[in-house]
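Numbering (full-length UniProt numbering), first residue to last: 1 to 1032. Cβ coordinates follow ideal geometry from the N, Cα and C atoms, glycine included. Notes follow once the structure below has been shown.
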Amino acid sequence: MLSRSCRPHGCRLCMAHARVLATALATTSRATARVALRPLAMGIRLYSPLPTYEPDDGRPWQEPPIRGHNIRDLLRQWEAENEAQGSENLPADLPPDGDLTNNLTRTQSTGAQGLVTISNRDAELSQPLLGEGHHEDVALATSASDSRIPGNLVELRSAGSRVSNLAIFLGYFGGCNHFYTVGGTWMLSMGFPAAFTVTRFVPFDDLRPLLSKIPANATPEVYFDMQARNLGPTRADGETLMNLMADFRTEANVIYCRHIAELDNIQATAPRSSNVEYLSLVEIAGRLLPLSMRQDDGSFPPPVLYAIFKALSNQDIGCSSFNTSSDCRRPDHLFEIFPQNYAVTVEKVTSMVREYVTEVMLKKPSGEASAMPKNVHMLTIPLVTFIKEARHAVLESRRHRQPSISGIIEPSSGVTLSKTTFSATSREVLQFLEWWACYNLFAPGCRYHSYGAIILRALELYPDRDLNQSTVWLFFQEAGILNPWELPSRFKFRLPGVSIDKSGGLSRATPNILEDSMRPDVAAGHRIERPGETVFCIDAASTSLIDDGVSLQHTERPNEFWIHIHVADPASSIKPDSELARFAELVPENIYLPGHFEPMIPGDLKHKPTDSTSESLVKQFSLRTGAPALTFSAKVNRGGDILESKIEPCTLGNVVLLDPRDVAEFCDEPPPPPDDTVNTRLAVGTFVDSPFPPRQMAATGDLSSQQKNDLLTLYKLAQAIRLKRLSKGAWPYYFPKPSVSVGLEASADRRSSPQGTKIVPADPYIEVGVDPFQGCSVVSNLMVLAGEVAARWCSSRGIPIPYRKNTKSADHLEDAYEYATEVLYPLVRRGMRPTTQQRNEFQKLTGEIEVSSKPGPYFIMGLDMYTKATSPLRRFSDMLVHWQIHAAMAFEREAGRRLDQAKDDLASVLPFTASGLKLSWLKMREKTARRMATGSLDWTLIALLRAWRFERKDLGKMTFKVTAQWFRGLMGRLDLFNLPARLDIEGLDGCRLLKKTSIGDEFEVELTDVNVYDRFVAVKALRFLGGGQATA
1 MLSRSCRPHG CRLCMAHARV LATALATTSR ATARVALRPL AMGIRLYSPL
51 PTYEPDDGRP WQEPPIRGHN IRDLLRQWEA ENEAQGSENL PADLPPDGDL
101 TNNLTRTQST GAQGLVTISN RDAELSQPLL GEGHHEDVAL ATSASDSRIP
151 GNLVELRSAG SRVSNLAIFL GYFGGCNHFY TVGGTWMLSM GFPAAFTVTR
201 FVPFDDLRPL LSKIPANATP EVYFDMQARN LGPTRADGET LMNLMADFRT
251 EANVIYCRHI AELDNIQATA PRSSNVEYLS LVEIAGRLLP LSMRQDDGSF
301 PPPVLYAIFK ALSNQDIGCS SFNTSSDCRR PDHLFEIFPQ NYAVTVEKVT
351 SMVREYVTEV MLKKPSGEAS AMPKNVHMLT IPLVTFIKEA RHAVLESRRH
401 RQPSISGIIE PSSGVTLSKT TFSATSREVL QFLEWWACYN LFAPGCRYHS
451 YGAIILRALE LYPDRDLNQS TVWLFFQEAG ILNPWELPSR FKFRLPGVSI
501 DKSGGLSRAT PNILEDSMRP DVAAGHRIER PGETVFCIDA ASTSLIDDGV
551 SLQHTERPNE FWIHIHVADP ASSIKPDSEL ARFAELVPEN IYLPGHFEPM
601 IPGDLKHKPT DSTSESLVKQ FSLRTGAPAL TFSAKVNRGG DILESKIEPC
651 TLGNVVLLDP RDVAEFCDEP PPPPDDTVNT RLAVGTFVDS PFPPRQMAAT
701 GDLSSQQKND LLTLYKLAQA IRLKRLSKGA WPYYFPKPSV SVGLEASADR
751 RSSPQGTKIV PADPYIEVGV DPFQGCSVVS NLMVLAGEVA ARWCSSRGIP
801 IPYRKNTKSA DHLEDAYEYA TEVLYPLVRR GMRPTTQQRN EFQKLTGEIE
851 VSSKPGPYFI MGLDMYTKAT SPLRRFSDML VHWQIHAAMA FEREAGRRLD
901 QAKDDLASVL PFTASGLKLS WLKMREKTAR RMATGSLDWT LIALLRAWRF
951 ERKDLGKMTF KVTAQWFRGL MGRLDLFNLP ARLDIEGLDG CRLLKKTSIG
1001 DEFEVELTDV NVYDRFVAVK ALRFLGGGQA TA
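Next up, the structure:
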């Protein structure tokens, strides 16, 4: 455990009380007084711990205290002398996320009225809204909803308090999450800031006395008013819950105290390697605690896990929550444990800072502006070396580019800078700052934040900025550590085993010998030849990877057809348990972050890397004429009924490449519902052509009459199948999300530069827009059909694969269907986005999307079972499905019969058992990859900032819609790309009183600030537009 450098704090009131108590006891019995006065006899000083003035302590510039003067007169004199310097407000006690928190003067209480701010705002912003984007985004939009079960015990975390708070979740209603804390307080939250959960801690009946005092159909404003008037549940109503939570906390504290040596030193005792580890609470408990702590079934009771959780929360560095789950006992409830060498580096830098403060800052002559002494060149203090090198790099940058007040460097057309070679000492300091600002490794409120601020202060480069993490981000841009257009979110979401490449994308160790991971085609000699069949591959011309296509086969009946969905087949030639498979598992799906695209299988990965004629794996398995494929087939009629299905390996015949827009126009697809946000566009910078030429595409007008008829028939059958799914409750329409395209010039790493210099290219071209075109429905509907066919084929044989299903829809099918068809879907069909409360109510009925080895209903898709199987070159879960299917087909060919889980040993037939699929890790990695892709929000904010502040573009009128309130302002969304924004009390500027503002109200606003690092927009109200729905 790292040593603490500060002395313990003392409370004057407590010390005064102790003195009075000791004096009172001294007047009673002498024996009792002797016990009471023992602390005084031991030399404990019961008064303020502030240091006294010593005239010879090495600070001759300090004036001695003035005796005999009235303190009020001295304060008035100081105020008059320093009035010109102005004053700064202390940070707010309960700030919105991204603002500087007050860790100095705020109270320790978490019982403040109003909303609990969400502790992980980045995770919230990275979570897409249900019904927007694509059906594949649903899993991320509904994650962790199962932790919201009334009666769950949770630990609440707020950005405005240093202490945690145990609470019972009462439910979500009236647009808020309701909690009852261990202190007897009724608390509200628009989000769900729970870091620790014990499922079904108390039965629902125990909640009834509390729920009877809270109106279920009220609004947040009503709840705030009730809290202000001390209405709602009382302590008497919640006495049973308070006692249960207090007993739980006491039991956890006793466990903590008994094993304090191991738990307080958890960073040194828990890791088993020199690399970062990702461990669950159960795994950490198994490493630290004796076997006697386990229950009869071998599990640890929740109080033991809570003690472990508290120990992790008390660490200053490297033990943060990586992936929360609906229950603390689940294996996917993971923590990021950094090895001890991280703490050693941090402690080394803090020692440098303390030495600098002692030898330089505290010896600064009185009245001298600069903290740097005149003999700085003669000093050997390590931090001074860093300061000199860092200042040289920043001042060199400022000769060409100036920093802005918004935290980024002003855009440029490209500059050439002299390189600064940092010493080993400076690199350690830079590492400390990177962990602080980029990776956010330090716990909130820990002492290391102050060390980072001292380093920034010592640089004397940012006198007008807060000395916080966003200023470090600006410093890194100026010092050449990061590109001026780097995205903060790239560092905040991390995949295990993968590092960030500062030049772009991610970095992971590639397989040494690719041939060792390959095998002969397992379906060789058994593939169905389709020489005369036309396969339509419908994808954009810019796509370099083609992994799916569709074809139509007529039957003897005019109303029945075979639909074939052909999928690329790399699994037939890649070994399941190989280095290449483990390489692909690290990045479980393509990450489509503009400017930082990261494929699961890189396009340049080939058998012979040094041979330019060698074909890459992606090109080898992409669909083309004569390529191998795994075909998912369904026999359907014109009514959309699936009559029969099968899976076969095949060799493709005539492959025709078509553009999705061309196909949609040819099939005369109906327009989407009206949407005011579409066709919005914002572009900054100079357009840069793509370095990759588009593929040669065929036009629908050039197809033969038979091919045209087949394409139209495929469209009609796909629509009929979709109508069947809609009748079962499938989501009818997904609203478009803003899309971002980025044009980057050749990076400095790829352009030759003179010795000792670095070329920084021009700032990228950024275009943000909302396109109503959501893709060709033939493709989207038939890909869903292929997933259904794959799920049914595997389910009938008992084959474990990554099925996708809702956790609750099977139990609430009728309620979910009624709410969806009567409340949600009529709004969607009229082009109206459901409100946050409506989405949450719907997700209460369906539950989260679970990745399971057993099938189940997927309500929002309108399917009884589903899996993803059409993109094995883009998604690792699809590759797992293909490996299992190929193994089962090989067994059936050899045995001459169907695989039967009742007769056959599946573990000896299949490459993966249910546990071998490691589905909890798969889901966690998929969720992290999706969150990485939400860095598009950072690009949008950069484009908005450049257009508004630097290019002075007219952005037109903007509307701000209130989604949440806090005591110093409003939070909401702009009608421009649905950006998160904040409207403070100062920004209201008399336009409307805060207490009269409700959730759903709208204001016409203008920009006052755009903060890329903290991912928010600050606005000022121009006029009040009217009220909206209170549940928005």
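Buried or exposed for residue 254, please, with buried defined as at least 16 other CB atoms from any protein chain shown within 10 angstroms of its CB.
The residue in question, residue 254, is exposed, as its Cβ has fewer than 16 Cβ neighbours within 10 Å.
Give the straight-line distance between the Cα atoms of residue 331 and residue 849, rounded to the nearest whole angstrom.
Rounded to whole angstroms, the separation of the alpha carbons of residue 849 and residue 331 is 17 Å.
So, are the CB atoms of residue 352 and residue 381 less than 9 Å apart?
The answer is yes: Cβ separation under 9 Å.
Is the stretch 429–447 in contact with the stretch 467–479, if contact means three or more CB pairs nearer than 8 Å?
Under the 8 Å Cβ criterion, the stretch 429–447 counts as touching the stretch 467–479, having at least three qualifying pairs.
Considering only C-alpha positions, which residue in the set 693, 594, 863 and 692 is nearest to residue 739?
Selected option, being the one with the closest Cα: 594.
Looking only at C-alpha atoms, which of 198, 306, 220 and 698 sits nearest to residue 249?
Selected option, being the one with the closest Cα: 306.
With the cut-off set at 9 Å, would you say residue 762 and residue 450 are in Cβ contact?
No, these two residues do not count as a Cβ contact at 9 Å.
Compute the minimum distance between the beta carbon of residue 853 and the heavy atoms of the ligand PLP, and state whether it is under 8 Å.
This structure lacks the ligand PLP, and indeed carries no ligand of any kind.
Just to confirm my understanding: we take residue 34, look at its own chain, exclude 5 residues before and 5 after, and list those with CB closer than 6 Å. What are they?
For residue 34, the pLDDT reaches just 34, beneath the cut-off of 50, and the residue's location in the model is therefore unreliable, although a value from the coordinates is still provided. Excluding sequence neighbours, residue 34 sits near nothing in its chain.
For residue 741 and residue 672, I'd like the C-alpha separation in whole angstroms.
Here the alpha carbon of residue 741 sits roughly 23 Å from the alpha carbon of residue 672.
Does DSSP put residue 392 in a helix, a strand or coil?
Reduced to three states, the DSSP call for residue 392 is helix.
In the structure shown, what three-state DSSP assignment does residue 787 receive?
Helix at residue 787.
By how many angstroms is the C-alpha of residue 939 removed from the C-alpha of residue 1012?
Using only the alpha carbons, I get a separation of about 9 Å.
Residue 178 classed as buried or exposed, judged by whether at least 16 other C-beta atoms fall within 10 angstroms:
Within 10 angstroms of the beta-carbon of residue 178 lie 16 or more other beta-carbons, which makes it buried.
Go ahead and label residue 229 buried or exposed: buried means 16 or more other beta carbons lie within 10 angstroms of its beta carbon, across all protein chains shown.
Classification of residue 229: exposed, given that the 10 Å Cβ count is below 16.
Per DSSP, what kind of secondary structure is residue 794 in: helix, strand or coil?
Look at residue 794 here: in three-state DSSP terms it is helix.
Put residue 728 into one of helix, strand or coil per three-state DSSP.
The three-state secondary structure of residue 728, taken from DSSP, is coil.
For residue 629: DSSP bridge partner residues:
In DSSP, residue 629 forms a bridge with 568 and 650.
Are residue 216 and residue 321 close, meaning C-beta to C-beta below 9 Å?
Contact: no.
Assuming contact is defined by CB atoms lying nearer than 9 Å, are residue 649 and residue 629 in contact in what I supplied?
Between residue 649 and residue 629, the C-beta spacing is below 9 Å.
Just the Cα atoms here: how many angstroms apart are residue 703 and residue 565?
Distance between the alpha carbons of residue 703 and residue 565: 20 Å.
Run the CB neighbour count on residue 601, radius 10 Å, all protein chains shown included, and call it buried at 16 or more, exposed below.
By the 10 Å Cβ count, residue 601 comes out buried.
Just confirm the distance between the C-beta atoms of residue 333 and residue 345, as a whole number of angstroms; I'd bet it's less than 8 Å.
Cβ-Cβ separation between residue 333 and residue 345: approximately 28 Å, too far for a contact (criterion under 8 Å).
Mind listing, in chain order, the continuous alpha helix (DSSP H) runs of no fewer than 4 residues lying wholly within the stretch 858–943?
Counting only runs of 4 or more, we get 876–895, 906–909 and 919–933.
For a test of the three-state rule: what should DSSP assign to residue 178, helix, strand or coil?
For residue 178, the three-state secondary structure derived from DSSP is strand.
For residue 324, report the span of its alpha helix (DSSP H) as first-last.
Per DSSP, residue 324 is not a residue of any alpha helix (DSSP H), being assigned neither H nor E.
What does the alpha-carbon distance come out to for the pair residue 701 and residue 733?
So the two alpha carbons sit approximately 29 Å from each other.
Return the chain-ordered list of same chain residues with a C-beta closer than 8 Å to the C-beta of residue 588, the five sequence neighbours on each side being excluded.
Only 600, 875, 876, 877, 922, 925, 926 and 929 meet the Cβ criterion.
Residue of 263, 783 and 155 minimising C-alpha distance to residue 246:
The shortest C-alpha to C-alpha distance from residue 246 to any of 263, 783 and 155 is the one to 155.
For residue 360, name the three-state secondary structure that DSSP assigns.
Reduced to three states, the DSSP call for residue 360 is coil.
Do the stretch 881–889 and the stretch 861–872 touch if we need at least three Cβ pairs shorter than 8 Å?
As far as the Cβ criterion goes, the stretch 881–889 touches the stretch 861–872, which means the pair count is three or higher.
Close beta carbons around residue 913, own chain, < 8 Å, minus the five adjacent residues each side
In the same chain as residue 913, and ignoring 5 residues on each side of it, the C-beta atoms closer than 8 Å to its own belong to 800, 906 and 907, in chain order.
Cutoff 6 Å; reference residue 529; Cβ partners in own chain excluding five residues on either side:
Result list for residue 529: 651, in chain order.
Suppose contacts are defined by Cβ-Cβ distances below 9 Å. Is residue 180 in contact with residue 233 by that definition?
Taking 9 Å as the Cβ cut-off, residue 180 and residue 233 qualify as a contacting pair.
At the level of alpha carbons, what is the spacing between residue 919 and residue 417?
Straight through space, the alpha carbons of residue 417 and residue 919 are spaced by roughly 48 Å.
Output needed for residue 631: all residues of its chain with C-beta closer than 6 Å, excluding positions within five of it in sequence on either side, in chain order.
So the qualifying residues of the chain are 564, 566, 648 and 650.
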